[in-house]
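Novice: Quick note on numbering: UniProt numbering labels position 163 of the sequence shown as 163, and the sequence is numbered without any gaps.
Beta carbons are placed, not taken as given, at the ideal position from N, Cα and C, and that holds for glycine.
Source: prediction; values computed, not measured.
Below is one structure. I have some questions about it.
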Amino acid sequence: MAEPALPAELIAVRHGQSTANVLFDRARATGTPAVLPPGADPLVPLTALGREQAAGLGRWLARAVPDAVVVSPYVRARQTWAAMADAAGRLGCRPPLPPPVLDERLRDREMGVFEGHDANAIRARDPGEALRRERAGEWTYRPPGGESLSDVAARVRALLRDPAAVPPGRRVLLVAHDAVVVALRHVLGGETPAQPWPVPNASVSRWVADGGSGLRRVEFGVRPVG
1 MAEPALPAEL IAVRHGQSTA NVLFDRARAT GTPAVLPPGA DPLVPLTALG
51 REQAAGLGRW LARAVPDAVV VSPYVRARQT WAAMADAAGR LGCRPPLPPP
101 VLDERLRDRE MGVFEGHDAN AIRARDPGEA LRRERAGEWT YRPPGGESLS
151 DVAARVRALL RDPAAVPPGR RVLLVAHDAV VVALRHVLGG ETPAQPWPVP
201 NASVSRWVAD GGSGLRRVEF GVRPVG
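So, in structure tokens, the structure goes:
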């Protein structure tokens, strides 16, 4: 079966700082467990700084208007796109921005029974499972009822093969999560590091057509300036 035609340019933006990012960063710094309420992860919003970070991408967006926009249905990703688009619109970007399409394949990694748990909370709740995670590594470790990074990569690959979501020969913007951006790099470049690459909040990763049958990475996890 022939490989599907690829976009001319694929851009992935991680959402701005969220309230969960702040909670988990504080827990990491203090060594204390942090747990979100059950079912809260898809509803986690941006912080004031996160909204500012997203709006700061508006100037960049106005210079790189996409042909298609696909957004994770999670609140923090939708708020990021809304702030970006609002800022770009106030700059009078041309052509007008396309309407966003929400796609479940861009959702954050599902952690199953450990949804909303940081690493300290997983160790405190189930030390044996935390050890299994450490030994397996994030690419293959699948929490009970959840996903490994390889699972995330499988749904990202399905998205890229869907011309209705990612139109061939066009500039396509994805607004999603760090796990999705890491999975993209794996799918497009075949790289599988021992630990996932860091993807800062409100950062841009970009791939362009290489003239053959692939996409070449030109930047990863970069925060645009100006």
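Name the DSSP bridge partner or partners of R219?
Specialist: Here the sequence assigns Glu to residue 219, which means Arg is not the residue at that position. E219 pairs with R206.
Novice: Less than 7 Å between the C-beta atoms of R76 and H117, yes or no?
Specialist: Cβ distance not < 7 Å, so R76 and H117 don't count as in contact.
Novice: Helix, strand or coil: which one does DSSP assign to A8?
Specialist: Coil.
Novice: Would the beta-carbon of P7 fall within 7 Å of that of V172?
Specialist: Going by C-beta atoms, P7 is nearer than 7 Å to V172.
Novice: Can you tell me whether T80 is buried or exposed? The criterion is at least 16 other CB atoms within 10 Å of its CB, across all chains shown.
Specialist: Buried.
Novice: Determine the extent of the alpha helix (DSSP H) in which R171 is found, giving its start and end residues.
Specialist: Not the alpha helix (DSSP H): R171 falls in the beta strand (DSSP E), residues 171-176.
Novice: Kindly indicate if chain D contains any beta-carbon less than 7 Å away from that of R63.
Specialist: Among the chains in the structure shown there is no chain D, since it carries only a single protein chain.
Novice: What's the call for E115, buried or exposed, on a 16-neighbour Cβ count within 10 Å?
Specialist: By the neighbour-count rule (16 or more Cβ atoms within 10 Å), E115 is buried.
Novice: Given a cut-off of 7 Å, decide if L10 and W197 are closer than it, judged by their beta-carbon atoms.
Specialist: The answer is no: Cβ separation not under 7 Å.
Novice: So, helix, strand or coil for A20, using DSSP?
Specialist: In the structure shown, A20 sits in a helix (DSSP, three-state: H, G or I).
Novice: Indicate whether A55 and L91 have their beta-carbon atoms separated by less than 7 Å.
Specialist: Not closer than 7 Å, so no.
Novice: Mind checking whether M111 and P73 have CB atoms under 7 Å apart?
Specialist: Cβ atoms of M111 and P73: not closer than 7 Å.
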